[in-house]
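In the UniProt record's numbering, the protein residues as written are 1 to 410.
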């Protein structure tokens, strides 16, 4: 009983072998013997067919227009792929009924070793698009083949291919967000060549696609990855950037001018304090020493400390501005804080100088303080109030922005 099935298998194999030799392609399955060998991985059988009928490598089946290279690539039969490429390397560019070449079907099935062999023969096959405008990268994402995607991105090293769109205007980042593939999204946004704010035919960026979905932990994780990569919504990405750039440049120029003036004034106070210097050696003082230091050493030290703070703060601003660092909003914010410190130090230096030259201490010891004292106190109060208001406004802006983001994600 066991001999009969074995004889039948041998008979079928012999008929298939004879059909391959004779070039008989007709069968009820609409596939050639080479297609069958490529599908099941029969290497020696495929080699014999190719030796006798090499043009059979170019034959397409009658249903999906698949070549033997399509079939072997999809199934990961690397040695058969090599044998087919040796006969006709241009079959890497052959298309099936959906416009997919062997690289596409290998990507769909995650056949990394086959992809390496195909791209080593015809690198341009990876850049071909299907009838739906999809590249091999799109198909990797569409069929959740992350390792194949990483391999193709590394091997092709093509920014244009990485950011290519399908017929719906979707990049691979759009597809990864739609399919909620968190690891794929993380991989893509880490690549600096990936354009995060591309808009598809529906007017959506990858961030818009994420925010339109039902919110759960996967969407939140994807949103955080996009946010860290500075991905934007379409309405923000479409805003003219020139106005913002001009504002930053104007801020930079204004800070440079003010910082230079403060540095000049602080330096002048340090080398030429109020009251000047003694011109002779008499009455217990020496020529060239500060009059203020002898008359009121505490006020003199306070003046030097304040002028030094103003000088260092303003010079730090100048140094950062000429350092060549990118003039971003955060960078300008840091410079503004340094300028607040420099301005406050300048104001206090001025009040310390006025306190010395106008001798307000005498007025304070009397029952009726002088007008200068009132002006100093009121001016300090107004300045402190202004600083508090500025800080409060910035804190409110930050809190409002955070609340809006939380509401959007709720």
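C-beta: ideal position from N, C-alpha, C; glycine also.
The three-state secondary structure of residue 164, taken from DSSP, is coil.
When DSSP states are grouped into helix, strand and coil, residue 351 belongs to the helix group.
Collapsing the DSSP output to three states places residue 277 in a strand. For residue 212, the enclosing alpha helix (DSSP H) stretches over residues 206-212.
Residue 106 and residue 187 have their C-alpha atoms roughly 21 Å apart. The beta carbons of residue 114 and residue 73 sit closer together than 8 Å. In the structure shown, the three-state DSSP call for residue 260 is helix. In this structure residue 375 is exposed. Its beta-carbon is surrounded by fewer than 16 other beta-carbon atoms within 10 angstroms. If you check the CB distance, residue 231 and residue 209 do not come in under 8 Å. Under the Cβ criterion (8 Å, minimum of three pairs), the stretch 378-390 does not count as touching the stretch 298-318. Taking residue 255 as the centre and dropping the five residues before and after it, the same chain places the C-beta of 317, 321, 332, 335, 336 and 339 closer than 8 Å to its C-beta, in chain order. Burial check for residue 323: the Cβ neighbour count within 10 Å stays below 16, so the residue is exposed.
Here residue 259 really is in contact with residue 342; their C-beta atoms are around 7 Å apart, less than 8 Å.
Rounded to whole angstroms, the gap between the alpha carbons of residue 192 and residue 293 is 59 Å. The stretch 126-134 makes contact with the stretch 153-171, as at least three CB pairs between them are under 8 Å. Judged by DSSP in its simplified three-state form, residue 290 adopts strand. Within the same chain, and ignoring the five residues on either side of residue 141 in sequence, the residues whose Cβ sits closer than 8 Å to its Cβ are 149, 172, 175, 176, 179, 181 and 184. Under the criterion of beta carbons closer than 8 Å, residue 167 and residue 132 qualify as touching, at roughly 5 Å. Counting along the chain, residue 33 sits inside the alpha helix (DSSP H) bounded by residues 33-40. In chain order, 277 and 278 place their CB closer than 8 Å to the CB of residue 289, counting only its own chain and leaving out the 5 sequence neighbours on each side. Residue 38 is positioned such that its CB atom lies closer than 8 Å to that of residue 71. With contacts defined as CB atoms closer than 8 Å, residue 346 and residue 262 qualify as a contacting pair.
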